[in-house]
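Working notes, beginning with the structure itself.
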Amino acid sequence: MHLRLWLIPSSIIAFSAIFIGEPQALAAVTNLSIASPDAVPTLPADYTFTQQITLTNKTNATAYDVKAAVVLLAPETSYSEVELVQESQSPVNTYHDQYGNLIGTFLWNAIAPHTSVNLTLTYTATSSEVSYHLPTTYPPYNVRSSVYKFYTNPQLESQQVNTDSPVLEQIDQSVIKPGENPEQKAQALFNWVVQNIHYNYSLQASGSAVATAETHLGICSDFADLYVGLLRTAKIPARFVGGYVTSNGSGQGGFHQWVEFYLPTVGWVVADPTWGAYGYFASLQDHWHIGLYDGIRKDITVTWNYSPQALTASQAAKQITISYQYQFHKTVPIAPLKPVNVIKHKTTKKVRPILDPPIISHKVQSVPLNFWQQLWLSLTQWVSNRTKSVVHWFAKYF
């Protein structure tokens with residue numbers, strides 16, 4: 001199941017938390033840039049936002065060596081620039097995953113019973129409208145390039161995308177005309193998705209590209225699944241972008257997924273099939289899209305050790321729970337807002353669908369302490385108890 005940051009942004013939950021360390025700037029770690037040189041960003045707007053992750057030990061036993069791998073930054077695009085400016089705890093290490101996301105690993109030696117720890121990350125972001133200077137002709141793809149091989153691989157995200165499945169192949173064959181270049185193919189497939197798939201306002205995901213194509217119904221992640229699957233089946237590299245839109249046309253923000261496809265000599269080009277009725281092919285008609293992660297992946301993975309003398313495996317699996325809190329704030333725009341063009345976008349004032357079911361995208365895993373860890377734990381507890389006894393004896397008699 002591919003859940004990508006599904007939250008209700010308007011729900012703010014208060015937590016009793018323990019902060020680890022003093023806030024400090026995160027230095028020497030940056031996100032990658034995949035911005036296209038042919039992109040034309042305009043009318044940028046500035047935002048600040050915070051992400052608070054709360055880990056809570058719900059049991060009567062201590063959780064040991066709690067480790068959280070958190071997506072810190074997505075690759076920078078032509079329309080979305082995000083910077084991590086402060087965090088309440090420094091990561092013990094950082095690395096880039098296969099999609100180019102910057103991942104930070106955070107560690108707590110122990111979380112006591114019925115205790116919470118918080119990780120607070122503070123960001124600045126700039127989102128822009130974007131269009132592209134696209135050529136009229138394209139050279140062939142370099143089929144040996146890492147981008148082409150990775151983002152057309154049928155095994156990549158196969159459970160959701162279903163690349164090269166008979167259903168998607170049939171759609172491609174019926175939509176794409178002989179002799180079309182990659183941009184024309186991408187446009188034709190985009191139009192098919194927009195015209196044939198309807199948004200499911202019950203917010204029930206279909207779960208895969210094939211299911212979305214067969215039911216003609218889905219949410220934004222399903223639109224993205226299907227469009228990416230159709231593009232990859234047509235041998236056009238395509239990838240997911242998950243993030244936050246600061247408005248849906250009526251001022252409400254929420255989490256959302258969209259797509260980028262790769263064109264020779266141009267690079268990555270944005271498209272939002274869920275909002276395709278308003279344009280959004282090779283362009284964004286707003287400065288609302290903020291990319292938070294790329295690819296179908298969990299935005300946080302938490303692992304920890306537990307004592308098998310204190311908890312059973314089933315109890316340990318529920319020992320740590322994860323809660324999220326996002327808060328977005330718009331600052332003064334860098335440029336004045338563009339007036340609504342009622343001729344070109346007659347429906348711009350209509351509300352666009354956004355994703356906001358109260359589901360968190362995460363993964364947790366508990367691991368029992370091994371023999372030596374249990375032995376060390378027993379020894380340290382024995383020393384602690386003996387020390388307390390000695391201190392108590394001295395206090396009593398001296």
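Here the UniProt record's numbering is used: the first residue of the sequence shown is 1, the next is one more, and so on. Where a beta carbon is used, it is the ideal one built from N, C-alpha and C, also for glycine. The model shown is predicted, which means the values in this text are computed figures rather than measured ones.
key: Between the CA atoms of isoleucine 290 and serine 78 - distance to the nearest angstrom   = 11 Å
message: Going by the DSSP bridge assignment, what does alanine 39 pair with across the sheet?
response: Tyr132
>> Which of the three DSSP states is assigned to tryptophan 288 in this structure?
In response: coil
For this session: Please report how far the alpha carbon of tyrosine 148 lies from the alpha carbon of threonine 56, in whole angstroms.
Result: 42 Å
| Is proline 237 near the ligand GDP, going by C-beta to nearest heavy atom under 6 Å? | Within the structure as shown, the ligand GDP is missing, as the structure has no ligands at all.
- Contacts around proline 140, its chain only, beta-carbon distance under 8 Å, and the 5 residues preceding and following it disregarded: Pro264
Let's test the definition: count the other Cβ atoms within 10 Å of the Cβ of glycine 295 and tell me whether it reaches 16, buried, or not, exposed. buried
* Segment contact, 8 Å Cβ cut-off, at least three pairs: the stretch 61-78 with the stretch 319-329 -> yes
For the alpha helix (DSSP H) containing aspartate 65, name the first residue and the last one. Per DSSP, aspartate 65 belongs to no alpha helix (DSSP H); it is in the beta strand (DSSP E), 63-73.
Leucine 284 and valine 130 - do their beta-carbons sit closer together than 7 Å?
yes
Query raised in the report: From aspartate 46 to histidine 287, what distance separates their C-alpha atoms?
Result: 9 Å
Beta-carbon separation (whole angstroms), phenylalanine 106 vs glutamine 89, contact threshold 8 Å: 6 Å
- Task: Look up valine 85 in the DSSP assignment and say whether it is helix, strand or coil.
- Result: strand
Point to revise | Residues sharing a beta bridge with threonine 56, DSSP | key: Ser116, Thr321
(message) Given this structure, state the Cα-to-Cα distance separating valine 175 from asparagine 191, to the nearest angstrom.
(response) 9 Å
Considering just the uninterrupted stretch of the beta strand (DSSP E) at alanine 95, what are its terminal residues? According to the sequence provided, residue 95 is tyrosine. The question's alanine does not apply to it. Where tyrosine 95 is concerned, the enclosing beta strand (DSSP E) stretches over 93-96.
Check your understanding: When DSSP labels each residue in this structure, what does arginine 239 get in the three-state scheme?
Key -> strand
- Task: List the DSSP bridge partners of glycine 104.
- Result: Val70, Thr94
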